[in-house]
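Numbering (my numbering), first residue to last: 1 to 674.
A virtual CB, placed ideally from N, CA and C, is assigned to each residue, including glycine.
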Ligand code: AMP
Ligand code: ZN
């Protein structure tokens, strides 16, 4: 054969095998016998072996894997992978619908999709080729598992020619069919390996394997359900159309989705799958409801955690019945008291359950728990199971109610409960051991300062020895080196590791330090937003509650907690010490080159959709000319830039406050003059 003929044969085989794969794994309509498929694949592999100059990472032969990944790279998501708000009943769903319609008007369509119980994955395609597969991770960055993703048969490594954008990201759920799970798990049991609890864990374990050939042997599948590109709304008007398009591009999109015109249709869809789900070949744990129109999605926006334009309806989880033996009370790092139910051990969804969280005093009242009750426990999305009800038929007539403690079970300080708060708190911040220890443990934790060579037990031991009572004491441990070396539990090496870890933490960015301080309600995301907005601790400490609440996605409850924190002289002292030790209390300010300063000192909010710009582009334009974007309409706002379909509630509010409503063209005029 001539070189050209070989090349042609190879390409022909690749095209045919890719098509057969698609027919089999995406359409579930096999178009060739297994024997013929294998023999064609073998021929291709043989040719590729013999003529390595024609190798191609996207060849169907590569679906068997082979690459070994020693350590997965962490990569940042271009668009954060958020979670979804959850609802468990019709009323919560109707509330969601009401919130949506209040913001965007009554013309709303919803797309209902199954909520696949797997793990989410983000796939990037460049010029029609799969270039990257990344796990969700913490939502902002995940592990790059491209080699493993390439082995998943229903994920195309190369798209058929179609009208897809040059660069796009598509998200979906990697999962394992129940049958495959059972078969593989039986094998594991036979080989005396630890079996997986459910298909989801199996899929999650598989995607993180280092040997992609092993991944290829485990049949994973993937449904795609979100498309992201720059200027998405120029390509499609809504989510439904985007799903139809990505199907044409060769992606596996679940066929059981439905476009609904109102809540009644949504509820009918949910009711249908409540029992219908057991006939599927894979697990789902609910239904995802998404606002269809991209314009409306943009209008609704996001909270810190999840989109406001989508919600998950979760089906009831598995239940078990057992005995409630006692309630114990734990004190957390913020002083919050958490009641924990001690149960007679019971099997539930593959694990033994002995304890359940009761959240707070209201929960005990709501459930009307009595001593010795027989209770129903459930495992939902949360890892810790919860009590959902009491079997009243088995209640003993003399069963006593529980008396909620009025003193801290550890330090005996009288508990406080603020107006409107569900939790009781022990106010003895500086003297209550679990709070002191918990606070320092939180500070050194992986998501905060991530101090190497130091663990939770070390903190506890050091506290008991009087070496640590405040976060800042960590940074004086170096001066107590001699004393540390006398402790028999710690070797020379582990002490130097620990001190090096502490020293290194001084480089952690401001947002991590801020999160590490453990201010009530200030989680990772909130800390990041505050750090980015205020840029340095002094500005944040000086800000009023209103100023803090004006930051995008920061609510009044968080803002109050922040100002309260900084008003406390003990906290001020701690921050001063930490500053002296050299921790980061400033956000690196990137030099932004402004195109002009025409909009400096002016604040804007963008609402609705525009002909000429996406909202992102318009926002960038405003910021690059010195303007600031605000998240909510308040007296501080100078202009509302309104496009088509502006939300009626925003409009009403702006009018009431007399804030000028301008167009995108007006913004251009402000910048360019005329
Ligand atoms: P949760 O983990 O309960 O916050 O639910 C959010 C997760 O549901 C997402 O991160 C996805 O991994 C998953 N999910 C499953 N099916 C869908 C779907 N059809 N649309 C969006 N997300 C889905
Ligand atoms: Zn206490």
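- Message: Can you tell me whether residue 423 sits near the ligand ZN, meaning its C-beta is under 7 Å from at least one heavy atom of the ligand?
- Response: If you number the chain shown from 1, residue 423 lands on position 423. Not so, every heavy atom of the ligand ZN lies at least 7 Å from the Cβ.
- Query: Which residues bound the alpha helix (DSSP H) around residue 442?
  - Reply: Residue numbering aside, residue 442 sits at position 442 when the chain shown is read from its first letter. Unbroken alpha helix (DSSP H) run through residue 442: 433-444.
- Rounded to the nearest angstrom, how far is the Cβ of residue 667 from that of residue 622, given a contact under 8 Å? Your numbering for residue 667 matches position 667 in the chain shown. Your numbering for residue 622 matches position 622 in the chain shown. About 7 Å separates the two Cβ atoms, so the contact holds.
- Hey, how far is the Cα of residue 472 from the Cα of residue 564? Locating residue 472 in the chain shown gives position 472, where the first residue counts as 1. Locating residue 564 in the chain shown gives position 564, where the first residue counts as 1. Answer to the nearest angstrom: the Cα atoms are 20 Å apart.
- Item | Secondary structure of residue 333, DSSP reduced to three states | Taking the first residue of the chain shown as 1, we reach residue 333 at position 333. Looking at residue 333 - three-state DSSP - the assignment turns out to be coil, as it is neither helix nor strand.
- Message: Please report the distance separating the alpha-carbon of residue 19 from that of residue 142.
- Response: Here residue 19 corresponds to residue number 19 of the chain shown, with the count starting at 1. Here residue 142 corresponds to residue number 142 of the chain shown, with the count starting at 1. Rounded to whole angstroms, residue 19 to residue 142 spans 31 Å at the Cα level.
- Closer than 8 Å by C-beta to residue 548: which residues in its own chain qualify, once you throw out the five before and the five after it? Chain order, please. Taking the first residue of the chain shown as position 1, residue 548 is located at position 548. 530, 540, 554, 558, 559, 562 and 563, listed in sequence order.
- Query: Between residue 58 and residue 67, what straight-line distance do the alpha-carbon atoms span, to the nearest angstrom?
  - Reply: Within the chain shown, residue 58 is the residue found at index 58, counting from 1. Within the chain shown, residue 67 is the residue found at index 67, counting from 1. Distance between the alpha carbons of residue 58 and residue 67 is about 13 Å.
- Message: Quick check on the DSSP output: what are the complete alpha helix (DSSP H) runs of length 4 or more inside the segment 234-292, in order along the chain?
- Response: 239-248 and 263-276
- Task: Determine, using beta-carbon pairs with one atom in the segment 44-62 and one in the segment 23-30, whether at least three such pairs fall under 8 Å.
- Result: no
- Query: Beta carbon of residue 361, beta carbon of residue 343: below 8 Å?
  - Reply: For the purposes of this step, residue 361 is taken as the residue at position 361 of the chain shown. For the purposes of this step, residue 343 is taken as the residue at position 343 of the chain shown. No, the Cβ-Cβ distance between residue 361 and residue 343 is not below 8 Å.
- Excluding sequence positions up to five away, which residues of its chain have a Cβ less than 7 Å from the Cβ of residue 430? On the chain shown, residue 430 is found 430 positions in, with the first residue counted as 1. So the list reads 570, once near-sequence residues are dropped.
- Message: Rounded to whole angstroms, what is the Cα-Cα separation between residue 516 and residue 137?
- Response: Numbered from 1 along the chain shown, position 516 holds the residue referred to as residue 516. Numbered from 1 along the chain shown, position 137 holds the residue referred to as residue 137. So the alpha carbons of these two residues sit roughly 20 Å apart.
- Indicate the three-state DSSP secondary structure (helix, strand or coil) for residue 169 in the structure shown. Translated into positions along the chain shown, residue 169 becomes position 169. Strand at residue 169.
- Item | Limits of the unbroken beta strand (DSSP E) element including residue 86 | Start at 1 with the first residue of the chain shown, and residue 86 comes out as number 86. Where residue 86 is concerned, the enclosing beta strand (DSSP E) stretches over 85-87.
- Task: Could you please give the first and the last residue of the uninterrupted beta strand (DSSP E) stretch that includes residue 223?
- Result: Counting from one through the chain shown, the residue named residue 223 turns up at place 223. Its beta strand (DSSP E) spans residues 221-228.
- Task: For residue 122, write down the residues that DSSP places opposite it in a beta bridge.
- Result: Numbered from its first residue, the chain shown carries residue 122 at position 122. Note: residue 122 sits in a beta bridge opposite 134 and 171.
- Quick one: give me the first and last residue of the beta strand (DSSP E) that residue 743 is part of. Look at the range of the chain in this structure, 1 to 674, and you will see that residue 743 is not part of it.
- Task: Examine chain D for any beta-carbon lying closer than 8 Å to the beta-carbon of residue 635, and answer yes or no.
- Result: Absent from the structure: chain D. Only one protein chain is present.
- In terms of DSSP beta bridges, what is residue 536 paired with? In the chain shown, the residue the question calls residue 536 occupies position 536. DSSP, once it has assigned bridges, lists 586 as partnering residue 536.
- Go ahead and pull the three-state DSSP assignment for residue 342. Here residue 342 refers to the residue found at position 342 of the chain shown. Strand, per DSSP.
- Task: Please name the residue or residues paired with residue 377 in a DSSP beta bridge.
- Result: Numbered from its first residue, the chain shown carries residue 377 at position 377. Answer is 320 and 387, bridged to residue 377.
- Starting from residue 686 and walking both ways along the alpha helix (DSSP H), at which residues does that stretch end? No information on residue 686 is available, as it lies outside the stretch 1 to 674 that the chain covers here.
- Task: Alpha carbon to alpha carbon, how far is residue 177 from residue 256? Give it in angstroms, no decimals.
- Result: Against the chain shown, residue 256 aligns to sequence position 256. Against the chain shown, residue 177 aligns to sequence position 177. Cα to Cα, the separation comes out at about 16 Å.
- Spatially closest choice to residue 435 from 588, 81, 330 and 118, by CA coordinates: Here the question's residue 435 lines up with position 435 in the chain shown. Residue 435 has its Cα closest to that of 330, out of 588, 81, 330 and 118.
- Task: Have a look at 624, 216, 459 and 649 and flag the residue whose alpha-carbon is nearest the alpha-carbon of residue 671.
- Result: For the purposes of this step, residue 671 is identified with residue 671 of the chain shown, where counting begins at 1. When only C-alpha atoms are compared, the closest one is 624.
- Message: Taking the alpha-carbon of residue 366 as reference, which of 281, 422, 282 and 645 has the nearest alpha-carbon?
- Response: The sequence position of residue 366 within the chain shown is 366, counting from 1. Considering only alpha carbons, the answer is 422.
- When 211, 468 and 249 are compared against residue 162, the one with the closest alpha-carbon: The residue you call residue 162 lines up with position 162 of the chain shown. Closest by alpha carbon: 249.
- For residue 627, collect the residues of the same chain with a Cβ closer than 6 Å to its Cβ; drop the 5 residues on either side in sequence, then sort them by chain order. The count along the chain shown starts at 1 and reaches residue 627 at position 627. If we look at residue 627 and ignore the five residues flanking it on each side, its Cβ neighbours are 599, 602 and 604.
- Message: Quick check: is any heavy atom of the ligand AMP less than 7 Å from the C-beta of residue 86?
- Response: Indexing the chain shown from 1 puts residue 86 at position 86. Yes; taking the cut-off as 7 Å, the Cβ of residue 86 has a heavy atom of the ligand AMP nearer than that.
- Message: Given the structure, does residue 436 come close to the ligand ZN, in the sense that its CB is under 7 Å from one of the ligand's heavy atoms?
- Response: Locating residue 436 in the chain shown gives position 436, counting from the first residue. No, since every heavy atom of the ligand ZN falls outside the 7 Å radius drawn around the Cβ of residue 436.
- Message: Can you determine whether any heavy atom of the ligand HEM sits closer than 7 Å to the C-beta of residue 410, and answer yes or no?
- Response: Absence of the ligand HEM from the depicted structure is noted, with the ligand AMP and the ligand ZN being the only ligands included.
- Message: Which residue wins for smallest C-alpha separation from residue 118, given the options 97, 620, 379 and 223?
- Response: By 1-based counting over the chain shown, the position of residue 118 is 118. Cα-wise, what sits closest to residue 118 is 223.
- Query: Relative to the ligand AMP, is the shortest distance from any of its heavy atoms to the C-beta of residue 134 smaller than 7 Å?
  - Reply: Walking along the chain shown from the start, residue 134 turns up at place 134. Not so, every heavy atom of the ligand AMP lies at least 7 Å from the Cβ.
- Item | Assigned secondary structure, residue 148 (DSSP; H/G/I helix, E/B strand, else coil) | For this step, residue 148 is matched to residue 148 along the chain shown. Of the three classes helix, strand and coil, the one that applies to residue 148 here is helix, per DSSP.
- Pull up the DSSP beta-bridge partners for residue 604, would you. Taking the first residue of the chain shown as 1, we reach residue 604 at position 604. Answer by DSSP bridge pairing, in chain order: 629 and 639.
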